[in-house]
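Taking it in order: structure first as structure tokens, then the write-up.
Chains as they are written, first to last, in my numbering: chain A, 37 to 253; chain B, 37 to 253.
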């Protein structure tokens with residue numbers, strides 16, 4: 037990589053920037069979020085489904101120009117990219133969708149619709165959202181609990197018949213999960229901030245225990 | 037039942053006495069705990085394995101005589117019964133074994149040994165024990181967290197190859213579980229006492245969600 041090579045991170049979850057910062061100077065890092073649905077059709081062959089979108093922002097506010105250039109480049113490939121002046125709340129909102137559905141559906145071996153049809157499933161979802169919101173707010177991210185709850189509920193209806201990716205990883209293919217960057221990241225951030233997040237912590241422990249039971253390394 | 041018919045409750049878990057009290061006067065209730073391992077060999081045919089023991093106590097302290105009579109009667113059938121002046125801590129100790137192993141092994145579809153071999157499994161176990169102990173102590177039950185932890189760990193070694201009964205119910209036979217009288221009871225008692233027990237609450241919600249997903253009524 038060159039001195040000015042930009043790195044764009046569109047991964048689900050939270051806390052990636054702390055890892056990337058160990059290798060790349062902050063002014064070269066772009067953070068983003070995408071709702072494109074994609075799969076791998078083979079080595080190097082990504083297959084996009086339906087219509088999606090992509091938001092990104094330069095981590096270094098004095099370096100917006102590079103972010104705009106990357107967004108323009110992605111738009112030449114019709115990827116529906118937007119330079120977002122405030123991408124962090126969107127990243128948290130999507131992490132909250134993953135944090136409520138992915139880990140729980142993997143643990144319960146169910147679709148998103150089955151989870152949300154259960155009264156106790158809904159109670160869990162609401163407590164998990166609350167933990168994400170209080171930790172995000174303590175980090176200075178503008179998050180509205182009601183708005184996020186509505187977004188999560190809407191997503192659950194649209195994706196009712198899906199098994200989330202963590203179900204595909206853990207249950208279907210016995211692969212390691214990204215739990216440390218979803219519920220685990222909220223618990224780690226919470227510990228640093230003095231905020232207890234027992235739902236995120238127990239879910240992370242349950243997923244890691246299941247990885248160990250399945251002998252996934 | 038006659039006016040003086042005694043009712044002896046040896047069920048696993050906590051909170052049964054509140055239900056029984058709605059039907060039976062307190063001076064007729066005997067509470068107890070047993071470590072006999074038993075199965076049903078057919079209708080009306082209980083099959084005991086190995087050597088066990090049974091402790092019981094009258095709920096009404098002024099009515100110990102009936103408790104001693106019932107213990108004597110059970111000993112005529114070689115059931116190794118003891119009248120226990122302080123049975124409640126023993127009931128909690130066994131509930132704690134069930135609360136750490138039964139629900140978690142059912143959720144993770146694993147043996148007790150597999151759960152306890154996992155570092156994250158052990159972390160969960162310790163947090164669950166802590167919740168049982170603080171709620172029990174707040175109810176006035178003399179519980180020692182270190183002593184209970186040692187007892188749970190010892191039991192996990194002896195029963196390493198077993199799938200707990202809740203695994204048999206939920207995973208193997210798709211039957212309703214007794215979670216409301218184990219982790220759920222601790223959470224309900226905790227709520228009344230103003231003590232938050234998120235691990236017990238989330239575990240109860242996960243088990244109920246799984247019951248709903250499996251359409252068990």
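We put the CB at the ideal spot given by N, CA and C, even for glycine. Fair warning: this is a prediction, and the values are worked out from it, not measured in the lab.
Proximal residues to residue i (C-beta, below 6 Å), its chain only, five neighbours per side dropped
i: residue 157 (chain B); result: 151
i: residue 205 (chain A); result: 211, 213
i: residue 72 (chain B); result: 84, 88
i: residue 185 (chain A); result: 165
i: residue 82 (chain A); result: 74
i: residue 177 (chain A); result: 124, 125, 128
Rounded Cβ spacing between residue i and residue j (contact assumed at less than 8 Å)
i: residue 144 (chain B); j: residue 249 (chain A); result: 6 Å
i: residue 123 (chain A); j: residue 92 (chain A); result: 6 Å
i: residue 202 (chain B); j: residue 139 (chain B); result: 6 Å
i: residue 183 (chain A); j: residue 166 (chain A); result: Residue 183 (chain A) to residue 166 (chain A), Cβ: 13 Å. No contact.
i: residue 115 (chain A); j: residue 46 (chain A); result: Actually they are not in contact, since the Cβ atoms of residue 115 (chain A) and residue 46 (chain A) sit about 10 Å apart, beyond 8 Å.
i: residue 179 (chain B); j: residue 125 (chain B); result: 6 Å
i: residue 133 (chain B); j: residue 191 (chain B); result: 5 Å
i: residue 161 (chain B); j: residue 188 (chain B); result: 7 Å
i: residue 95 (chain A); j: residue 38 (chain A); result: So it is not a contact: roughly 18 Å between Cβ atoms.
i: residue 142 (chain A); j: residue 200 (chain A); result: 7 Å
Span of the alpha helix (DSSP H) around residue i
i: residue 244 (chain B); result: 234–249
Residue i, DSSP secondary structure in three states
i: residue 71 (chain B); result: coil
i: residue 56 (chain A); result: helix
i: residue 41 (chain A); result: coil
i: residue 186 (chain A); result: helix
i: residue 46 (chain B); result: coil
i: residue 83 (chain A); result: strand
i: residue 64 (chain A); result: helix
i: residue 78 (chain B); result: strand
i: residue 102 (chain B); result: helix
i: residue 212 (chain B); result: coil
i: residue 6 (chain A); result: Outside the shown range of chain A (37 to 253) lies residue 6 (chain A), about which nothing can therefore be said.
Close Cβ partners of residue i (< 7 Å) along its chain, the five nearest in sequence each way excluded
i: residue 198 (chain A); result: 147, 148
i: residue 130 (chain B); result: 48, 69
i: residue 41 (chain B); result: 64
i: residue 237 (chain B); result: 223
i: residue 99 (chain B); result: 63
i: residue 86 (chain A); result: 73
i: residue 233 (chain B); result: 167, 171, 222, 223, 226
i: residue 163 (chain A); result: 235
i: residue 174 (chain A); result: 229, 231
i: residue 111 (chain A); result: 117
i: residue 103 (chain B); result: 66, 92, 93, 94, 119
Own chain, CB closer than 8 Å to residue i, minus 5 neighbours either side, in chain order
i: residue 50 (chain A); result: 127, 128, 131, 217, 218, 221, 222, 225
i: residue 118 (chain A); result: 89, 90, 91, 92, 107
i: residue 120 (chain A); result: 68, 91, 92, 93, 126
i: residue 247 (chain A); result: 206, 212, 213
i: residue 196 (chain B); result: 147, 148, 149, 152
Boundaries (first-last residue) of the beta strand (DSSP E) holding residue i
i: residue 229 (chain B); result: Careful: residue 229 (chain B) lies outside any beta strand (DSSP E), inside the alpha helix (DSSP H) at 219–229.
i: residue 93 (chain B); result: 90–94
C-beta neighbour in chain E for residue i, strict 8 Å
i: residue 165 (chain B); result: Here the protein chains are A and B, and chain E is not one of them.
ask   = Taking the runs of the alpha helix (DSSP H) that are 4 residues or longer, which of them lie wholly in the stretch 146–181 of chain B?
value = 148–153, 155–174
query = Could you give the uninterrupted runs of the alpha helix (DSSP H) lying entirely in the stretch 106–144 of chain B, keeping only those of 4 residues or more?
reply = 123–144
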